[in-house]
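Novice: Here the protein sequences come in this chain order: H and B.
In terms of the working numbering, the first sequence is residues 1 to 277.
In terms of the working numbering, the second sequence is residues 1001 to 1350.
From the three backbone atoms N, C-alpha and C, an ideal C-beta is built for every residue, glycine too.
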Amino acid sequence: MFPKLVPVPSKNMIPERDIDKPLVLECINLGITFGGLQAVENLDLAMGQTEITGLIGPNGAGKTTVFNLLTKVYQPTTGTILLNGKDIQGMDTAHVNREGIARTFQNIRLFSDLTVEENVKVGMDAQMHYNMLSSLLRLPGYWKEEKAAHERALELLSIFNMADLAGVKAGSLPYGAQRRLEIIRALATNPRLLLLDEPAAGMNPSETAELMENIRKIRDTFQIAILLIEHDMNLVMNICEGICVLNFGRVIAKGTPSEIQANPAVIEAYLGKKKEA
Amino acid sequence: MKKIKWSKTTGKNTMTYGLVILAYVVLQLFGAAGLMSSSLKGMLIPICAYVAMAISLNLTVGVLGELSLGHAGFMSVGAFCGTSTAILLQNAVPSAPLRLAISLVMGALFAAVVGFLIGIPVLRLRGDYLAIVTLAFGEIIKSIFNNLYLGVDSHGLHVSLLSDRTNLAEGGSLIIGGPMGIGGIQKIATFTAGFVLIMVTLVVVFNLVNSRAGRAIMAIRDNRIAAESIGLNITKYKMMAFVTSAALAGAAGALFAMNYSTVVANKFDFNTSILVLVFVVLGGQGNMLGSIIAAAALTILPEALREYADYRMLVYAIILILVMLATNNPTLKSWLDRLKSGRRKAKEAI
Ligand SMILES: Nc1ncnc2c1ncn2[C@@H]1O[C@H](COP(=O)(O)OP(=O)(O)OP(=O)(O)O)[C@@H](O)[C@H]1O
Ligand SMILES: [Mg+2]
Chain H
1 MFPKLVPVPS
11 KNMIPERDID
21 KPLVLECINL
31 GITFGGLQAV
41 ENLDLAMGQT
51 EITGLIGPNG
61 AGKTTVFNLL
71 TKVYQPTTGT
81 ILLNGKDIQG
91 MDTAHVNREG
101 IARTFQNIRL
111 FSDLTVEENV
121 KVGMDAQMHY
131 NMLSSLLRLP
141 GYWKEEKAAH
151 ERALELLSIF
161 NMADLAGVKA
171 GSLPYGAQRR
181 LEIIRALATN
191 PRLLLLDEPA
201 AGMNPSETAE
211 LMENIRKIRD
221 TFQIAILLIE
231 HDMNLVMNIC
241 EGICVLNFGR
251 VIAKGTPSEI
261 QANPAVIEAY
271 LGKKKEA
Chain B
1001 MKKIKWSKTT
1011 GKNTMTYGLV
1021 ILAYVVLQLF
1031 GAAGLMSSSL
1041 KGMLIPICAY
1051 VAMAISLNLT
1061 VGVLGELSLG
1071 HAGFMSVGAF
1081 CGTSTAILLQ
1091 NAVPSAPLRL
1101 AISLVMGALF
1111 AAVVGFLIGI
1121 PVLRLRGDYL
1131 AIVTLAFGEI
1141 IKSIFNNLYL
1151 GVDSHGLHVS
1161 LLSDRTNLAE
1171 GGSLIIGGPM
1181 GIGGIQKIAT
1191 FTAGFVLIMV
1201 TLVVVFNLVN
1211 SRAGRAIMAI
1221 RDNRIAAESI
1231 GLNITKYKMM
1241 AFVTSAALAG
1251 AAGALFAMNY
1261 STVVANKFDF
1271 NTSILVLVFV
1281 VLGGQGNMLG
1291 SIIAAAALTI
1301 LPEALREYAD
1311 YRMLVYAIIL
1321 ILVMLATNNP
1331 TLKSWLDRLK
1341 SGRRKAKEAI
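(1) Shorter than 7 Å, the distance from the beta carbon of H:Asp197 to the closest heavy atom of ligand 2, or not?
(2) Note down, in chain order, every chain B residue with its Cβ under 7 Å from the Cβ of H:Glu118.
(3) With 16 as the cutoff for other CB atoms within 10 Å, does B:Met1313 come out buried or exposed?
(4) So the candidates are H:Leu181, H:Glu26, H:Thr77 and H:Gly167; which of them puts its Cα closest to the Cα of H:Asp87?
(5) For a test of the three-state rule: what should DSSP assign to B:Gly1011, helix, strand or coil?
(6) So B:Asn1207 contacts chain H; which residues on that side make the cut at Cβ distance below 9 Å?
(7) Mark B:Arg1221 as exposed unless 16 or more other C-beta atoms lie within 10 angstroms of its C-beta, in which case mark it buried.
(8) Taking CB distances under 8 Å as the criterion, tell me whether B:Val1204 reaches chain H.
(9) Going by the CB atoms, is the gap between B:Ile1217 and B:Val1315 shorter than 8 Å?
(10) Who pairs with B:Tyr1149 in a beta bridge, going by DSSP?
(11) Can you list the residues of chain B that H:Thr33 reaches, using a CB-CB cut of under 8 Å?
(12) Indicate the three-state DSSP secondary structure (helix, strand or coil) for B:Val1243 in the structure shown.
(13) List, from N- to C-terminal side, the alpha helix (DSSP H) runs of 4 residues or more that fit wholly inside the segment 64-101 of chain H.
(14) Would the beta-carbon of H:Ala61 be found less than 7 Å away from any heavy atom of ligand 1?
(15) Curious, which full-length alpha helix (DSSP H) runs of at least 4 residues does the segment 1057-1132 of chain B contain?
(16) Could you tell me the distance, in whole angstroms, from the CA atom of B:Glu1348 to the CA atom of B:Ser1076?
(17) Check the Cβ-Cβ distances between H:Val122 and every residue of chain B, and say whether any is below 8 Å.
(18) Go ahead and pull the three-state DSSP assignment for B:Ala1189.
(19) With a threshold of 8 Å on Cβ separation, who are the neighbours of H:Met1 within its own chain once the five nearest residues in sequence on each side are excluded?
(20) List the DSSP bridge partners of B:Phe1195.
(21) Does B:Gly1031 get closer than 8 Å to chain H when you measure Cβ to Cβ?
(22) Which of helix, strand or coil does DSSP assign to B:Lys1214?
(23) Using a Cβ-Cβ cut-off of 8 Å, state whether B:Leu1232 counts as contacting chain H.
(24) In the DSSP assignment, what residue or residues form a beta bridge with H:Thr283?
(25) Using only CA atoms, which one of B:Arg1099, B:Ser1173 and B:Ala1111 lies nearest to B:Thr1244?
(26) Rounding to the nearest angstrom, what Cα-Cα distance links H:Asn214 and B:Pro1330 in this structure?
(27) Output the distance between the C-alpha atoms of H:Glu117 and B:Ser1211, rounded to the nearest integer angstrom.
(28) Per DSSP, what kind of secondary structure is H:Leu23 in: helix, strand or coil?
(29) Does B:Asn1013 pass the burial test, meaning 16 or more other C-beta atoms within 10 Å, or should it be called exposed?
(30) Compare the Cα-Cα distances from B:Tyr980 to each of B:Ile1055, B:Lys1041, B:Thr1060 and B:Met1036 and report the closest residue.
(31) Any chance the segment 1265-1278 of chain B sits against the segment 1150-1163 of chain B, with 3 or more Cβ pairs inside 8 Å?
(32) Let me see if you follow: with CB-CB separation under 8 Å, is H:Met162 close to chain B or not?
(33) Confirm the yes/no value for this check: CB of B:Ile1045, any heavy atom of ligand 2, distance under 7 Å.
(34) Which whole runs of the alpha helix (DSSP H) in the segment 110-191 of chain H are 4 residues long or more, in chain order?
Here it is in structure tokens:
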């Protein structure tokens, strides 16, 4: 079921990764401080081209901050981020996206006054080329690309069976559908690495089960890497090939799901605590 | 399952075009039948100019989502550059409609350039700060035109600021005379030109909004952080909306000015900016048809209230407040929404 995992000697602490797959993301000694608070410290992380990796840890551990560092919402105070071997230092958020990182947000950020279809189409902007003159004069280039974008949007929406909601205002969707739409919008930008921030939050068990299937399906059809923040351990343990556990901004463990589940430090800091609650 | 291509927006846009054409035809017929009062006749062109202004400002306020308090500045750039062009071309282009068209285009071009230059600092700001700075730029443009002298003689164009040092040769003439503005303008603006301007403005705005650029602009308005996360070039798209809005205001200003024999910079002051903003807010942000109706109605209203002379501005203000209350009343709004969704359901059932 899982792809072939082999141990690699690496200064990145992930003990195993698929050697057949070149790295899509490599973080070295990544860190950021807010005032006196060390929100993320000394993070090393490597992800192969079609890996699904989990990023877990208690509230306030710094998980979302890692996403904000990877997407350059925050500038790291230390460390390097390599995307397909390319240093993304000096790039802004939009540029990083065009280089291949797309994300969803923990607190949903849709374009709520646009329709579902428009939300997806706007994600394809970098792949569209017609200029302002074509749109003002409705030249053939406009019609051709708009038609292609329309079809592509419906195709993407059908991953989550949302094609019939295409004309609905995004803001009026139910919560679960909004989370799914955010994933589709991110996919529309043609990423190589997809960052999902608590995609199952607020979903019921059957929605979560469906989401789990869909995350796998997305990885397989788009052949992309997925980095996933999630508090639903069932989901994380089921679909992630590697897991990285953060606590107070520091990595306390890395490994396969079974290793993480058996790791005393993780049980102490996160998993065990959860059972008590 | 075949989806209908006729989306809600397309329907609304078509209705807007249709109503503008209908209004034009009806007014032309009234005019031809001699049913139109001369005061209304005299207002047709200013109404067209204000309608175009309102639509163009709605692009900035409703679609881009930035409050601009200096829109009259672009109108004034268009007015001065457009009329100057018309005067310079008086002999070269004998056909008045063609001269008018060239002048409107020149007004739009100059306003676009000014919009671009102002946009560079202004679009870095957000919210209230942006509004205040646009206000300042509106006033700066007014001051510049109040102190600008432009003359033409056999050697070409002469420009001077602060006082008239154009030193024109024999036979030269002063076009822009500082605070005196431009005088001796040929009134070549026509109602039909105004109608065409409104239609062009609508086509530009609707076609821009219904394109990748329009989607990006509205996405930036709705959620800037998400817009960045999907790779949109924020500066480029904001600038595109702002410059387009400025250019359209420039064309409107040129049309407006060529309905009078003189034009002075003080006509395009803060009050004018606010007046146009009132049209936009009353008509609904992002709602072009609303802007058109509000601009037309509120330009006619003070004239229509002329009989009440002393109470005119009072009644005007009260009507404004009442409309504002009515359009923002939550009960009324939800009732209208229910009415609309009810109608839609009825349509789907068929
Ligand atoms: N912009 C900021 N300025 C100051 N402190 C911040 C900022 N962003 C995050 N922090 C702090 O960094 C720490 C990590 O926050 P982060 O949002 O990354 O946690 P998280 O692991 O995503 O938690 P949760 O599971 O609740 O989403 C928290 O203590 C938070 O208060
Ligand atoms: Mg978080």
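Specialist: Per the coordinate set shown:
(1) H:Asp197 Cβ: within cutoff of ligand 2.
(2) One finds Arg1215 in chain B with Cβ atoms closer than 7 Å to the Cβ of H:Glu118, taken in chain order.
(3) Only exposed fits B:Met1313, as fewer than 16 other CB atoms lie within 10 angstroms of its CB.
(4) Taking only the C-alpha atoms, the option nearest H:Asp87 is H:Glu26.
(5) Note: B:Gly1011 maps to helix in three-state DSSP.
(6) Residues of chain H passing the Cβ test: Ser135, Leu136, Leu137, Arg138 and Tyr142.
(7) So B:Arg1221 ends up on the buried side.
(8) At least one chain H Cβ lies under 8 Å of B:Val1204.
(9) Against a cut-off of 8 Å, the Cβ pair of B:Ile1217 and B:Val1315 comes out as no contact.
(10) Partner(s): B:Ser1160 and B:Gly1177.
(11) Here the premise fails: no neighbours, minimum Cβ distance about 22 Å.
(12) The answer is helix: DSSP assigns B:Val1243 an H, G or I state.
(13) Along the segment 64-101 of chain H, the alpha helix (DSSP H) occurs as fully enclosed runs of 4 or more residues at 93-99, listed in sequence order.
(14) In this structure, H:Ala61 has its CB closer than 7 Å to one or more heavy atoms of ligand 1.
(15) Fully enclosed alpha helix (DSSP H) runs of 4 or longer: 1071-1088 and 1096-1122.
(16) Low local confidence applies: a pLDDT of 47 at B:Glu1348 is under 50, so the model's placement there is unreliable, with the coordinate-based value given in what follows. Straight-line Cα distance between these residues: approximately 48 Å.
(17) Cβ-Cβ to chain B under 8 Å: yes for H:Val122.
(18) Of the three classes helix, strand and coil, the one that applies to B:Ala1189 here is coil, per DSSP.
(19) For H:Met1, the predicted model reports a pLDDT of 30, less than 50, meaning its position is unreliable; a value from the coordinates is still stated below. Excluding positions up to five away in sequence, the list is empty.
(20) DSSP output for B:Phe1195 lists no bridge partner at all.
(21) It does not; no Cβ of chain H falls within 8 Å.
(22) The sequence shown places Gly at residue 1214 of chain B, rather than the Lys named in the question. B:Gly1214 falls in the helix class under three-state DSSP.
(23) Between B:Leu1232 and chain H, the shortest Cβ-Cβ separation is below 8 Å.
(24) No statement about residue 283 of chain H is possible, as the shown extent of chain H runs from 1 to 277 and does not include it.
(25) The candidate whose alpha carbon is nearest that of B:Thr1244 is B:Ala1111.
(26) Going from the Cα of H:Asn214 to the Cα of B:Pro1330 covers about 40 Å.
(27) The alpha-carbon separation between H:Glu117 and B:Ser1211 amounts to approximately 13 Å.
(28) DSSP places H:Leu23 in strand when its eight states are reduced to three.
(29) With 16 or more other Cβ atoms within 10 Å, it is buried.
(30) Outside the shown range of chain B (1001 to 1350) lies residue 980 of chain B, about which nothing can therefore be said.
(31) Touching, no, given that fewer than three Cβ pairs across the two stretches are closer than 8 Å.
(32) It does not; no Cβ of chain B falls within 8 Å.
(33) For B:Ile1045, the CB stays at least 7 Å from every heavy atom of ligand 2.
(34) For the segment 110-191 of chain H, whole alpha helix (DSSP H) runs of length 4 or above, ordered along the chain, are 116-123, 132-137, 140-159 and 175-188.
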